[in-house]
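Visitor: Numbering (our numbering), first residue to last: 24 to 406.
Dropping a structure here in structure tokens format, bear with me for questions.
Below you can see the structure in the form of structure tokens.
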């Protein structure tokens, strides 16, 4: 199978030129520069392109294929890669979910740094080397690149730019910067120093059947390090058209809530941190963003109940005096106040008028809060 897979196969984005693939070899007892964890569960349709993109990475890496009890041909595909290239290692386990599977990978990894690649995504050429070079230049615990939103069916591939230009390539303490709390939790666009993850106890929630378990992991990682670096270099083609993805599953309507419960537990342990107030604000804004995203993807049978869940949780913060209203972006605060007043009315207005693009945002703002809301939305950082 390896001999007939390659660029263009299985929907892999086409690129100009031909790249020489890393010669297969065994790593022996040496510590790899990086270990890449690939959580696998019934993804035989997408897995060859994913693993081929790893095989094309040049360097002394190890690729841990973590089969979480697949019932299709996924494990066999990974096994064939391991037979052809000694950098691949297949680990079979009983099905226990995404978080537990990645924790097993973290325990097995031998690399100085650890990365993650979802089994339906594809890594850009030389991406690992770019991340490692940036991490080593500033001795970072965490190096984060960007990614592209990729629709394999029609070839759309749109690179995202989330980090302010003036902060790229510099050593940062992420919890000092507001933008870090608004980043999508793309744990697969990073490498992490393995010793640091272990020392800080940063792991995934192991809850079976849950989803979005990158959320708490990424928040804890960004808030724990005093030395990170961000790059405007795409690392992963992030597939948008896998119907089996968690982002397309209504069956996990409340999974994101468990992730924010875990972040809240972690914040309580760090209440004396010099940046505790900033982290608390960042947590609440991130939580509202995630909950609104979840609300938008739910059907009419589940959305009203979830809107009340949002109101209930944030009402509890407000009653305890834990919402620092003056510190909030005005438009985001207007949304939150509207939910607290009447979650079902807010949902109705959002369903009717909210959508992508500036025009939809303007219509929604006018309907929700009149001209003042429109002014806030146009001036807001994130809406």
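For every residue, glycine included, the Cβ atom is placed at its ideal position computed from N, Cα and C.
Thinking C-beta only, is residue 84 closer than 8 Å to residue 66?
Guide: On the chain shown, residue 66 is found 43 positions in, with the first residue counted as 1. On the chain shown, residue 84 is found 61 positions in, with the first residue counted as 1. Going by C-beta atoms, residue 66 is not nearer than 8 Å to residue 84.
Visitor: Which of helix, strand or coil does DSSP assign to residue 262?
Guide: Start at 1 with the first residue of the chain shown, and residue 262 comes out as number 239. DSSP places residue 262 in strand when its eight states are reduced to three.
Visitor: Helix or strand or just coil, what does DSSP make of residue 39?
Guide: Residue 39 sits at position 16 when you count from the first residue of the chain shown. Bear in mind that the predicted position of residue 39 carries a pLDDT of just 36, short of 50, making it unreliable; the figure below should be weighed with that in mind. Three-state DSSP puts residue 39 in coil, outside helix and strand.
Visitor: Quick check: residue 88 and residue 72, are their CB atoms within less than 8 Å of each other?
Guide: Here residue 88 refers to the residue found at position 65 of the chain shown. Here residue 72 refers to the residue found at position 49 of the chain shown. No; because the gap between Cβ atoms is not below 8 Å, this pair is not in contact.
Visitor: Under a three-way DSSP split, which group does residue 48 fall into?
Guide: The residue labelled residue 48 in the question sits at position 25 within the chain shown. Legend: pLDDT at residue 48 = 48, less than 50; position of this residue unreliable, value from coordinates given subsequently. If DSSP states are grouped into helix, strand and coil, residue 48 belongs with coil.
Visitor: Looking at residue 175 and residue 262, is the spacing between their C-beta atoms short of 8 Å?
Guide: The sequence position of residue 262 within the chain shown is 239, counting from 1. The sequence position of residue 175 within the chain shown is 152, counting from 1. Yes.
Visitor: CB-CB under 7 Å to residue 304, same chain, minus the five flanking residues each way: which ones, in chain order?
Guide: Mapped onto the chain shown, residue 304 falls at position 281. The residues are 347, 350.
Visitor: Quick one: any contact between the region 241 to 259 and the region 152 to 160, if contact means 3 or more CB pairs under 8 Å?
Guide: Counting Cβ pairs under 8 Å, three or more are found: they touch.
Visitor: For residue 181, is the classification buried or exposed, using 16 other Cβ atoms within 10 angstroms of its Cβ as the cut-off for buried?
Guide: By 1-based counting over the chain shown, the position of residue 181 is 158. Answer is exposed; the Cβ neighbour count stays below 16.
Visitor: Going straight from the alpha carbon of residue 386 to that of residue 355, what length do you get?
Guide: Within the chain shown, residue 386 is the residue found at index 363, counting from 1. Within the chain shown, residue 355 is the residue found at index 332, counting from 1. Those two C-alpha atoms are separated by around 16 Å.
Visitor: In terms of alpha-carbon separation, which member of 376, 339, 236, 222 lies closest to residue 390?
Guide: Against the chain shown, residue 390 aligns to sequence position 367. Answer by Cα proximity: 376.
Visitor: Where residue 124 and residue 396 are concerned, what is the direct C-alpha to C-alpha distance, given to the nearest angstrom?
Guide: The residue labelled residue 124 in the question sits at position 101 within the chain shown. The residue labelled residue 396 in the question sits at position 373 within the chain shown. Looking at the two C-alpha atoms, the distance is approximately 44 Å.
Visitor: Measuring CB atoms only, is the region 188 to 197 touching the region 281 to 288, in the sense that at least three cross pairs come out at less than 8 Å?
Guide: Touching, no.
Visitor: Name the residue from 318, 297, 340, 275 whose alpha carbon lies nearest to the alpha carbon of residue 287.
Guide: Here residue 287 corresponds to residue number 264 of the chain shown, with the count starting at 1. That would be 340, whose Cα lies nearest to the Cα of residue 287.
Visitor: Applying the 10 Å Cβ sphere with the 16-neighbour rule, what's the burial state of residue 270?
Guide: In the chain shown, the residue the question calls residue 270 occupies position 247. Residue confidence is low: residue 270 scores 49 on pLDDT, short of 50, so the model does not pin down where it sits. Its coordinate-derived value is still stated next. Label assigned to residue 270: exposed.
Visitor: In its own chain, which residues sit with a C-beta less than 8 Å from the C-beta of residue 97, not counting the 5 before and 5 after it?
Guide: Working through the chain shown from its first residue, we reach residue 97 at position 74. Result list for residue 97: 63, 64, 65, 66, 67, 70, 90, 142, in chain order.
Visitor: Taking only the alpha-carbon atoms, compute the straight-line gap between residue 6 and residue 204 and give it to the nearest angstrom.
Guide: There is simply no residue 6 to check, as the chain begins at 24 and stops at 406 in what is shown.
Visitor: Less than 8 Å between C-beta atoms, sequence neighbours within five positions excluded: which residues of the same chain meet that for residue 229?
Guide: Translated into positions along the chain shown, residue 229 becomes position 206. So the list reads 119, 120, 122, 123, 126, once near-sequence residues are dropped.
Visitor: Along the chain, which unbroken stretches of the beta strand (DSSP E) at least 3 residues long are found entirely within the region 323 to 400?
Guide: Runs found: none.
Visitor: Does the contact criterion of 3 or more C-beta pairs under 8 Å hold for the region 323 to 341 versus the region 357 to 365?
Guide: Touching, yes.
Visitor: State buried or exposed for residue 342, treating a residue as buried only when at least 16 other CB atoms are found within 10 Å of its CB.
Guide: For this step, residue 342 is matched to residue 319 along the chain shown. Exposed, since its Cβ has fewer than 16 Cβ neighbours within 10 Å.
Visitor: How big is the Cα-Cα spacing for residue 144 and residue 327?
Guide: In the chain shown, residue 144 corresponds to position 121, counting from 1. In the chain shown, residue 327 corresponds to position 304, counting from 1. Taking the straight line from one Cα to the other gives about 33 Å.
Visitor: Write down every uninterrupted run of the alpha helix (DSSP H) in the region 145 to 220 whose length is 4 residues or greater and which is fully enclosed by it, in chain order.
Guide: Entirely contained in the region 145 to 220, the alpha helix (DSSP H) runs reaching 4 residues are, in chain order, 150 to 160, 202 to 205.
Visitor: Going by DSSP, which residues form a beta bridge with residue 88?
Guide: As a working mapping, residue 88 is identified with position 65 in the chain shown. 61, 113, per the DSSP bridge assignment.
Visitor: Quick check: the Cα distance between residue 116 and residue 132, rounded to an integer number of angstroms?
Guide: Within the chain shown, residue 116 is the residue found at index 93, counting from 1. Within the chain shown, residue 132 is the residue found at index 109, counting from 1. Between residue 116 and residue 132, the C-alpha separation is close to 15 Å.
Visitor: Would DSSP call residue 257 helix, strand or coil?
Guide: Stepping through the chain shown from its first residue, residue 257 is reached at position 234. If DSSP states are grouped into helix, strand and coil, residue 257 belongs with the strands.
Visitor: For residue 196, which residues in the same chain have their Cβ closer than 6 Å to its Cβ, ignoring the five residues on either side in sequence?
Guide: On the chain shown, position 173 is the one that residue 196 refers to. 249.
Visitor: May I have the straight-line CA-CA distance separating residue 42 from residue 292, to the nearest angstrom?
Guide: Translated into positions along the chain shown, residue 42 becomes position 19. Translated into positions along the chain shown, residue 292 becomes position 269. Its pLDDT being 41, under 50, residue 42 is placed unreliably in this model, and the value from its coordinates should be taken loosely. About 48 Å.
Visitor: Would DSSP call residue 139 helix, strand or coil?
Guide: As a working note, residue 139 is residue 116 in the chain shown. Here residue 139 sits in strand by DSSP.
Visitor: Alpha carbon to alpha carbon, what distance is there between residue 202 and residue 167?
Guide: What you label residue 167 is simply residue 144 of the chain shown in a count that begins at 1. What you label residue 202 is simply residue 179 of the chain shown in a count that begins at 1. So the alpha carbons of these two residues sit roughly 13 Å apart.
Visitor: I need the boundaries of the alpha helix (DSSP H) containing residue 104, first residue and last residue.
Guide: Taking the chain shown and counting its residues from 1, the one referred to as residue 104 is at position 81. It spans 97 to 107 - the alpha helix (DSSP H) in which residue 104 sits, taken as one unbroken run.
Visitor: Using the three-state DSSP reduction, which class does residue 72 fall into: helix, strand or coil?
Guide: On the chain shown, position 49 is the one that residue 72 refers to. In this structure, residue 72 counts as helix in the three-state DSSP scheme.
Visitor: Use the C-beta contact count for residue 94: other C-beta atoms within 10 angstroms, 16 or more gives buried, fewer gives exposed.
Guide: Translated into positions along the chain shown, residue 94 becomes position 71. Exposed, by the Cβ-count rule.
Visitor: Alpha carbon to alpha carbon, how far is residue 247 from residue 82? Give it in angstroms, no decimals.
Guide: Here residue 82 corresponds to residue number 59 of the chain shown, with the count starting at 1. Here residue 247 corresponds to residue number 224 of the chain shown, with the count starting at 1. Roughly 28 Å separates the two Cα atoms.
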